[in-house]
Every structure is written in structure tokens, then in C-alpha cells.
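Down below is the structure, laid out as C-alpha cells.
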Amino acid sequence: MRSGSKSMGTKSFRSQSIGSTSTVEGTNNDDVFRSLLSAAYQHNINCIVDVQADDNCGFRVVAAHALGDETHWYQVQMDLIRWITNNHALYTTMWRIDRATIEETLARLNCDTSSAPPQKWMNMTTMRLTIISNYNVVLHCFTPNHRTSYTYLPLLSEPIPDDRRREIAIVWVNNCHFIQIFMHPNYSVPPI
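Residues in the sequence shown are numbered consecutively from 3, following my numbering.
So this is what it looks like as C-alpha cells:
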């Protein structure tokens, strides 16, 4: 992660960023994004990373956490398509996900342009199982309303020791953008 300085009009601010950063004019995005989260979680945030806002921001957050670089967002899509295709029986039998939902998810993932239409944006409702299973991670999904923030645990592996556990913390803001957050040690998590 690198620290960058961004100038907006006459105001400058410092923010943590990976790759390009979207901004809210005249404000520090960290403060704006932090204020959008429930007070129950605000004090647990160590760092906020505003990934590039190019309609693939959800995949960029997963790429940054799981692959180390947000520019690998397309690789995340391909990984998730491969996982669903190779584990189709899990979706239909174990998780009881209907064929139409699986096909819609595959169609949503199949987009290699940097300006994706809304029907190609990441949808945590349909992709969370695939993300936690493919990357064997704990997934914390935060929203401004703490009642709709949840934690998802890997379902197909043995419990992972704390020192080897990988976690993705993602925040859905303004009904159109995902951001990446890093939490302080021993932070409060959304319900499982």
C-alpha cells in the first residue's frame, strides 16, 4: 500500500490508496466513508482504501485483499467463474441455489471492460459463497446500516488458525461503490 496526496481545488488531503482513487470534492474520503458506517464499527477501522471507481470496484477490493493488487480485478472474475463451473453441484445440492441464479451470477462475472453496466457489478448476495470458498477467506461485508452487515466464514475447509486466517473487509457505500477497509486487531465483527 502506498500513501498518496490528492489535491481537490484549494484543499489537499492525504489518503491511503492502491491504484487510482475516487474522491469526494473538498473532503477527506477516509472521513466521509468512515462516517457512512455504523458507529458500532467506526472505531475498529485502521485504514480505508478507496479502490478505483470504475464499476468493477467490488472485484477490485477482493483482488486487493486476495491477490495483493486491485488491478487484478478481472482475474478475480475468472477465478470465481472457474470455481462455480468446477463446483456446480455444491450450488445446486448443498446450497440449494437454483440454476437461474447460478446462470445470472456467471453472466454477471463475465465482463472484461473497465466500465461495467450495473447488471455486471459485484453482488454480495450471490457471490459471497463463491468468494469465501474460492479464496478460503473470512468475508466481512459492511453496509451503512449495521443490521445488514454480516461476516461469512469458509464453509469447505477446516477451521483456520488465527495466524494463517485471511480476511476480506469490504464496505458497500452509496448504493454504488465498494471500498476496502483494514481493521484494528481484535475488532468487533458483524454477525455471522
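Note that CB positions come from ideal geometry on N, CA and C, so glycine has one too.
All values reported here derive from a predicted model rather than from experimental measurement.
Return the residue from the list the options that minimises the CA-CA distance to residue i.
i: ILE86; options: ASP114, TYR137, LEU39 and ALA171; result: TYR137
i: PHE35; options: TYR152, ASP165, ASN147 and PRO161; result: ASN147
i: HIS179; options: ASN88, VAL53 and ARG166; result: VAL53
i: ALA68; options: SER117, THR94 and GLN182; result: GLN182
i: CYS59; options: SER116, ILE194, THR150 and ASP100; result: SER116
i: VAL51; options: LEU111, MET129 and ASP32; result: ASP32
i: PHE144; options: VAL191, ARG101, SER135 and LEU111; result: VAL191
i: SER40; options: GLU169, SER151, ASN176 and ILE194; result: SER151
i: ASP114; options: THR94, HIS74, ALA102 and ILE99; result: HIS74
i: ARG101; options: ARG84, THR128 and SER135; result: THR128
i: ALA118; options: THR94, SER135, ASN88 and GLN79; result: GLN79
i: MET126; options: TRP174, SER37, LEU38 and ARG168; result: TRP174
i: GLY70; options: ARG168, THR94 and ASN88; result: ARG168
i: ASN89; options: PRO120, SER135 and ARG130; result: SER135
How big is the Cα-Cα spacing for residue i and residue j?
i: ARG62; j: ILE47; result: 19 Å
i: GLU72; j: TRP123; result: 15 Å
i: ALA42; j: ALA171; result: 15 Å
i: ASP56; j: THR153; result: 26 Å
i: VAL139; j: THR132; result: 10 Å
i: SER96; j: ILE194; result: First, the amino acid is wrong: residue 96 is Met here, not Ser. Their Cα atoms are separated by approximately 19 Å.
i: VAL26; j: THR103; result: Residue placement at VAL26 cannot be trusted, given a pLDDT of 38 that sits under 50; the coordinates are not used to answer.
i: ILE99; j: GLN44; result: 34 Å
i: THR94; j: GLN121; result: 22 Å
i: SER37; j: ASN176; result: 12 Å
i: ARG84; j: ARG130; result: 15 Å
i: ARG149; j: CYS49; result: 22 Å
For residue i, report the span of its beta strand (DSSP E) as first-last.
i: TRP85; result: Premise fails: TRP85 lies in the alpha helix (DSSP H), 75 to 88, not in any beta strand (DSSP E).
i: LEU141; result: 140 to 144
i: ALA55; result: Careful: ALA55 lies outside any beta strand (DSSP E) and carries neither H nor E.
i: ALA171; result: 169 to 175
i: TYR154; result: 152 to 154
Span of the alpha helix (DSSP H) holding residue i?
i: CYS49; result: Not the alpha helix (DSSP H): CYS49 falls in the beta strand (DSSP E), residues 47 to 51.
i: HIS186; result: Where HIS186 is concerned, there is no enclosing alpha helix (DSSP H), given that its DSSP letter is neither H nor E.
i: THR132; result: 126 to 137
i: ILE2; result: No answer is possible for residue 2: the residues shown for the chain start at 3 and end at 194.
i: VAL34; result: 31 to 38
i: TYR93; result: No alpha helix (DSSP H) contains TYR93, which DSSP labels as neither H nor E.
i: GLN44; result: 41 to 44
Would you mind giving the Cβ-Cβ distance between residue i and residue j, rounded to the nearest angstrom? I have them listed as a contact below 8 Å.
i: ALA65; j: GLN77; result: 7 Å
i: LEU111; j: LEU141; result: Actually they are not in contact, since the Cβ atoms of LEU111 and LEU141 sit about 16 Å apart, beyond 8 Å.
Is residue i a contact residue of the ligand SAM, with contact defined as CB to any heavy atom under 6 Å?
i: SER116; result: The ligand SAM is not part of the structure shown, which contains no ligands of any sort.
>> Any contact between the segment 157 to 171 and the segment 100 to 115? By contact I mean 3 or more CB pairs, one from each, below 8 Å.
In response: no
> Would the segment 161 to 168 and the segment 181 to 194 be scored as touching if the rule is three or more Cβ pairs under 8 Å?
Replying inline: no
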